[in-house]
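First comes the structure, then the notes that go with it.
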Ligand SMILES: [Zn+2]
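Structure representation (structure tokens):
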């Protein structure tokens, strides 16, 4: 029996134990020697003059391009005939071809570098592709160190302080009737709250538990935390705690949402950027300005519409060089920041839209959670689109890679869907030749017309 099935049939106290055991197991690939070494490095790096940081970035870049060429069959083939000795700076990257998501998916096996211990990362992304990449354990620890360094700068010490996380983990089995939508991961002092059960009916229970647990930080899905904050404000509820900070992930922040969170929780919100494929980091400083973290990689502006290409130094498992990640950024090359950080400033990031689907009970399931429905189908989905016009029904259109897609994947998708949407929302899967694009030429992973349909029926 799969672990999830054992978990689903266990009583809640045992689910808490399983969550903690998983937490300790995860810690082995997150908080080891490389983690602590990199945290110390970043503390030092922060004090360097800009020139020294840029020189470090340049040296890392040269080293990383050579590494990919020597160790990844995909890059070796891609760079055949190119004089790699001429790549000496970020500007020289233009001599190398761009790698887009479909190239990476179609060539993932020859791209991955094997031979060192690794952590798998599954990603859906905005085109609804299923992609599995590897991180070396060292790189994974460095990424964790970067995230924790970012939080420590505004006063939150990971592993020492309590945090409440709103994520996409399946902690509440389908069919559970008890109003307990959280589980405790003692390994990280982390209360995990389900992002799949945030309905008007349930939110009071979430607030009660937050008041009992008194988290020192909140993190996870921006839209989920906003839903809870909106409920607290509407019902004029009192909070018995004030967190140090809120760290949303995975979604583009809105001005209104950020203001709502800061008003309701009485602390600042700090945004971060770094995808599950392993993009370099852009993080907000204590003064809430986004800075590129030069130690983590290179961002290059690309094309007319403000897109960026990323080259990431923590991707030795699945190298990303000039990778077209699909996000857009506006840089502010001449600005300086009051915080004292001399690294380049990013004015705005536009990535994932705040699209969502409904469950039959009315909870909103955000785009990140929706794309995760496909994440365990290794690289088999080229494109997908979720359609919904009624809360009780969702239709999934799939463009698959026939060489990789297996019939049993349909059952896996249904199972993932059931864990996120519950028993009473129905999913219909249709494999199609091609999913039509929008008139604008853009692709949308989620088309939810429930509210439009309801408006039409009312008027
Ligand atoms: Zn700053």
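Residue numbers (this note's numbering): 859 to 1317. We put the beta carbon where it would ideally sit given N, CA and C, even for glycine.
>> Taking 6 Å as the limit between beta carbons, can you name the residues of its chain near residue 991, skipping five residues before and five after?
In response: 979, 1135, 1176
> Which first and last residues belong to the beta strand (DSSP E) in which residue 1125 is found?
Replying inline: Residue 1125 -> no beta strand (DSSP E), and no H or E assigned at all.
> Where does residue 965 fall in DSSP's three states?
Replying inline: coil
> Pick from 1267, 1247, 1280, 1243: whose alpha carbon is nearest that of residue 987?
Replying inline: 1243
>> Quick check on the DSSP output: the alpha helix (DSSP H) that includes residue 990 runs from which residue to which?
In response: Per DSSP, residue 990 belongs to no alpha helix (DSSP H); it is in the beta strand (DSSP E), 989-994.
> From this set, 939, 1284, 1237, 1303, which residue's C-alpha is nearest residue 981's C-alpha?
Replying inline: 1237
> What's the call for residue 863, buried or exposed, on a 16-neighbour Cβ count within 10 Å?
Replying inline: exposed
>> Any heavy atom of ligand 3 closer than 6 Å to the beta-carbon of residue 1153?
In response: In terms of ligand content, the structure shown lacks ligand 3 and carries ligand 1 instead.
> How is residue 1289 classed by DSSP in three states: helix, strand or coil?
Replying inline: strand
> By how many angstroms is the C-alpha of residue 1109 removed from the C-alpha of residue 1138?
Replying inline: 16 Å
> Hey, is residue 1145 close to ligand 1, as in C-beta under 6 Å from one of its heavy atoms?
Replying inline: For ligand 1, at least one heavy atom lies less than 6 Å from the Cβ of residue 1145.
> CB of residue 904 to nearest heavy atom of ligand 1: below 6 Å?
Replying inline: no
> Going along the chain, which residues of its own chain have a beta-carbon closer than 7 Å to the beta-carbon of residue 1124, five neighbours each way excluded?
Replying inline: 1100
> In the structure shown, what three-state DSSP assignment does residue 1119 receive?
Replying inline: Helix.
>> If the criterion is Cβ atoms closer than 7 Å, does the pair residue 896 and residue 1003 meet it?
In response: yes
> Does the Cβ-Cβ distance between residue 1156 and residue 1169 come in under 7 Å?
Replying inline: yes
>> By the three-class DSSP mapping on this structure, what secondary structure does residue 981 have?
In response: Correct three-state label for residue 981: strand.
> In whole angstroms, what separates the C-alpha of residue 926 from that of residue 1043?
Replying inline: 37 Å
>> Suppose contacts are defined by Cβ-Cβ distances below 7 Å. Is residue 1219 in contact with residue 1057 by that definition?
In response: Yes, they are a contact pair.
> Between residue 962 and chain D, is there a C-beta pair that is closer than 7 Å?
Replying inline: No chain D appears in this structure, which consists of one protein chain only.
> Rounded C-beta distance between residue 1076 and residue 1104? I'm assuming under 8 Å.
Replying inline: Right, the Cβ-Cβ distance comes to about 5 Å (below 8 Å), so this counts as a contact.
>> Please classify residue 1290 as buried or exposed, where buried requires at least 16 neighbouring CB atoms within 10 angstroms.
In response: exposed
>> Mapping the DSSP letters down to three states, classify residue 884 as helix, strand or coil.
In response: helix
> Among 1094, 1208, 960, which one has its Cα closest to the Cα of residue 1148?
Replying inline: 1208
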